[in-house]
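**Q** Numbering (the numbering used here), first residue to last: 118 to 361.
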Amino acid sequence: MLLSAQNVSKEFGNLRAVAGADLAIEEGEIIGLIGPNGAGKSTFFNCLAGETLPTTGKIVFDGVDVTTASPETHARLGIGRTFQVPATFEDLTVLDNVMVGAFLRHPHRTHARAHALKVLDLVGLKDRQDLRARSLGTPGRKRLEIARVLATGPRLMLLDEALAGLTPAELQQAIALVRKIHETGVTLVIVEHIMEVIMTLARRIIVFNQGHVIAQGEPQQVVKDEAVIEAYLGRGHRNWRKKD
Ligand SMILES: Nc1ncnc2c1ncn2[C@@H]1O[C@H](COP(=O)(O)OP(=O)(O)O)[C@@H](O)[C@H]1O
Ligand SMILES: [Mg+2]
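1) Buried or exposed for phenylalanine 325, please, with buried defined as at least 16 other CB atoms from any protein chain shown within 10 angstroms of its CB.
2) Which residue from Leu273, Gln333, Gly328, Met312 puts its Cα closest to that of isoleucine 322?
3) Using only CA atoms, which one of Thr169, Leu165, Thr173 lies nearest to valine 181?
4) Check asparagine 124 in the structure and name its three-state DSSP category.
5) For the alpha helix (DSSP H) that asparagine 326 lies in, which residues bound it at each end?
6) Check whether the Cβ atoms of glycine 328 and glycine 130 lie closer than 7 Å to each other.
7) Between which two residues does the alpha helix (DSSP H) carrying threonine 160 extend?
8) Measure the beta-carbon distance from glutamate 269 to alanine 319 and round it to whole angstroms, keeping in mind my assumption that it falls under 8 Å.
9) Can you find a CB in chain D that lies within less than 7 Å of the CB of alanine 291?
10) Take every Cβ of the segment 184-198, pair it with every Cβ of the segment 140-152, and state whether three or more of those distances are shorter than 8 Å.
11) Just the Cα atoms here: how many angstroms apart are valine 345 and phenylalanine 161?
12) How about the segment 147-154 and the segment 122-136: do they share at least three Cβ pairs that are nearer than 8 Å?
13) Is the separation between the beta-carbon of leucine 276 and that of isoleucine 307 shorter than 7 Å?
14) How is histidine 299 classed by DSSP in three states: helix, strand or coil?
15) Looking only at its chain, what residues have a beta carbon closer than 6 Å to the beta carbon of alanine 219, apart from the 5 residues adjacent to it on each side?
16) Give me whichever residues DSSP pairs with arginine 251 in a beta bridge.
17) Using the beta-carbon count (16 or more within 10 Å), is asparagine 154 buried or exposed?
18) Ordered along the chain, which non-local residues of its own chain (more than five positions away) have a Cβ less than 8 Å from that of glycine 241?
19) Rounded to a whole number of angstroms, what is the C-alpha to C-alpha distance between glycine 197 and valine 266?
20) Within 6 Å: the Cβ of lysine 158 and any heavy atom of ligand 2?
21) Could you tell me which of Val340, Val314, Arg258 sits nearest to leucine 212, measuring between CA atoms?
22) With a threshold of 6 Å (Cβ to nearest heavy atom), would glutamine 201 be considered close to ligand 2?
23) Is asparagine 154 near ligand 1, going by C-beta to nearest heavy atom under 6 Å?
24) Does glycine 254 pass the burial test, meaning 16 or more other C-beta atoms within 10 Å, or should it be called exposed?
25) Per DSSP, alanine 332 forms a beta bridge with which residues?
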């Protein structure tokens, strides 16, 4: 098992954003993590990536207890995550942004640069390497965010709505990119509201609601699950395509 999370909770005052969630990830999986807005998906990612300390629970990555480890330790062990709001360095060039990630495993500048260029080639941004990050449009920024994380050499990548805000054509390219990343041997957990992305990519779906895992299994089964339909539609509104 690559990652195991047991009874993970995160409380903000009286609010239990994550309330005793369990998750087991096998190497090579592509897991879709879905759930209505406010279900606790991003907070759960924060716990898994070491950005926030869980209130309860235990997280083990590749045999190492990482529950209280720093984000840097997580990155070094091979857990990378993208942020719902892209965390790129706006005034740096595209290449420099990716080199920031590459330095984790390539301390020498020339090696970091070569590695970053390889990653930029993979994500299709090599021709824009000298542009400032701020000058990229939405699809470019999404790709840059993915590239920066990819350059850290993750074994597990957590994508938090990394494909939101794209046109249908851009979405197809982004789906192809995620497949390509998976083919290089990276295990993926994808949070996404766009069900087309989840249904196309995920072999297994985990459904979050109010901080709990309320269903999991094969995509075709899970979308028919009564508890899942209730979580999304029960309060009389549709969240499938709504952005946070
Ligand atoms: N830093 C924080 N402080 C207080 N409440 C938070 C914080 N982060 C998230 N929350 C709350 O936790 C709940 C889960 O949020 P989040 O994890 O962002 O859900 P999702 O990603 O599924 O939309 C929400 O009610 C949100 O308002
Ligand atoms: Mg979120």
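Here a beta-carbon is modelled for each residue, glycine too, at the ideal position from N, C-alpha and C.
**A** Once the coordinates are examined:
1) buried
2) Gln333
3) Leu165
4) strand
5) First-last for asparagine 326: 321-326, but that is the beta strand (DSSP E), not the alpha helix (DSSP H).
6) no
7) 158-165
8) The identity of residue 269 in the sequence shown is threonine, whereas the question assumes glutamate. With a Cβ gap of about 23 Å, threonine 269 and alanine 319 do not count as contacting.
9) Going by chain labels, chain D is absent from the structure shown, which holds only one protein chain.
10) no
11) 19 Å
12) no
13) yes
14) helix
15) Ala229, His232, Ala233, Ala268
16) DSSP lists no partner for arginine 251.
17) exposed
18) Arg260, Gln290, Leu294
19) 6 Å
20) yes
21) Arg258
22) yes
23) yes
24) exposed
25) Val324
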